[in-house]
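Residue numbers (the working numbering): 798 to 1202.
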Amino acid sequence: MGLGTLLRLSIGILNSRLITFYLNENNLTYFYLILSIYSLFALGFINPLNLFFTKYLYTFHKKNHLFEAFYFLFKKFLIIPLLIYILSLTYYFTLNEFEFILIAILIIYIISKSLNDTLISVFNLVGRNKRFVFLINLNLLFSIILSFLLIQVFGSSYLNWFLGIVLSQIIMTVLGIYFYFKTFKKNSLVEETEIFDSKNYKLSNKNYYYFILINIAGWFFVEGYKLFFEFYLDREILINFLIGFVVAFQVVSILETFNQQLNSPIFLQIVNKKNDEEISLEFLMLLKKSIYFFLPAFLALFFFKNIIIEILIDNSKLNEQVYFYFKIGLIYAIINAFLNLFKLLFMSKFELNKILISFLTGIFIFFVMSVLSPNVDISIILLTSIMASTFFLLSNFLLNINLKK
């Protein structure tokens, strides 16, 4: 597992260096914004499905319902949102041939990535960590190789780089299906073969659309602010901000994945237990272990931040603003990692209103501070808002623990 994480880190460094070397400032900005547009649909509509899968994934797997459940959820919940998303994109863009190609690429990416992420998650949840790490690293490797080849052949543009990522997802979807059947069917790990019935799970419209509201609100903290900043910030500041924050998020996301792998048994217990008290106790153990992991890692990152950023970003893109936003981005991404942990807890307990209120509170604080404190750097305002959301969920968790005592 440590070797796999080291390999992922190495591929991530190479990817960051290549993309900041080959893409100029405008192409980098468009690339990050395209990912933000994709993530609106992914977090708003696909993530709720992933949350259902996270809650019931082990059961789907053991009962041989994985693909039936995926098909059911996609047909029931994604067809109409996907059509709305396509219409929204056609309205947003100017509808020339280039934008239609971009929309088509985004739709293919959405479908392939959602299935790919689901399949890979199975291996982590059932304890096949080596295969999980192997597939993640293979996906990253395919992505960087294909993107590099495309920009060498067709030119250095954000679309060619993004197309390489899409092709990687398509290949990995095929490989994910192959490895799933090879690993689990061959070894007869699927114990039951009863007919899939959605009524046996909480796959209700109410929960799903509640998840949509939560994830669209949560999308603001991960990607949405970037689209807002496109209109709010000067172009040069926007580019520096995106480079610093995106690279910081990439670094911390590796730590998040490693933390999940280290504590995968606890993650599995949290998402599968039905008793709220048991979930809270398991989460408390997860929270303690995560603090012990993230705190020294964060201190190391912050101490060596200048060395790290010079390794990850090409020298042509470095300046004082990038250094500053990378530093703030590290703090922001670490807080977001803990926010994700609390989100997992309250999702597992189906206390969805608390998550929604916390996100809306943070967004409200962000816009109020943006209006009332125009001289404060926008990254500080963003940091304050996510701290407020995280503190809200932390307070609710501690309050519940004290009440039970």
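Think of the CB as a built atom: it goes at the ideal place given N, C-alpha and C, for glycine as much as any other residue. Remember, predicted model here, so these are calculated numbers, not experimental data.
The DSSP assignment places 822-838 as complete runs of the alpha helix (DSSP H) inside the stretch 810-839, in order along the chain (cut-off: 4 residues). Phe978: not part of any alpha helix (DSSP H); DSSP gives it neither H nor E.
The Cβ atoms of Asn824 and Tyr955 lie closer than 8 Å to each other. The Cβ-Cβ distance between Leu1010 and Leu1141 does not fall below 8 Å. Straight-line spacing of the CA atoms in Phe1143 and Ser1167 works out to 29 Å. Check the Cα spacing between Asn1150 and each of Phe1025, Ser909, Ala1014: the tightest is with Ala1014. DSSP, reduced to helix, strand and coil, places Arg928 within a helical segment of the structure shown. Per DSSP, Gly1126 is one residue of the alpha helix (DSSP H) stretching across 1117-1145. If the five residues before and after Leu811 are omitted, its C-beta is found closer than 8 Å to the C-beta atoms of Ile941, all from its own chain and listed in chain order. If you draw a straight line from the Cα of Val1043 to the Cα of Asn1037, it comes to about 10 Å. The beta-carbon distance between Phe1091 and Ile1131, rounded to whole angstroms, is 6 Å. This is short enough to meet the 8 Å contact definition.
Within the model, the alpha-carbon separation for Ile1105 versus Thr826 is close to 21 Å. Cβ atoms of Leu932 and Gly961 stay farther apart than 8 Å, at about 18 Å. Here Ile1183 really is in contact with Phe1018; their C-beta atoms are around 5 Å apart, less than 8 Å.
Around Leu1035, the same chain offers Thr826, Phe1026, Glu1027 as residues with beta carbons nearer than 8 Å, after the five sequence neighbours per side are excluded.
Between the alpha carbons of Leu1059 and Thr1187 lies a gap of roughly 23 Å. Taken through DSSP and simplified to helix, strand or coil, Phe1101 comes out as coil.
With a beta-carbon spacing of about 5 Å, Val1119 and Ile1040 fall inside the 8 Å limit used to define contacts.
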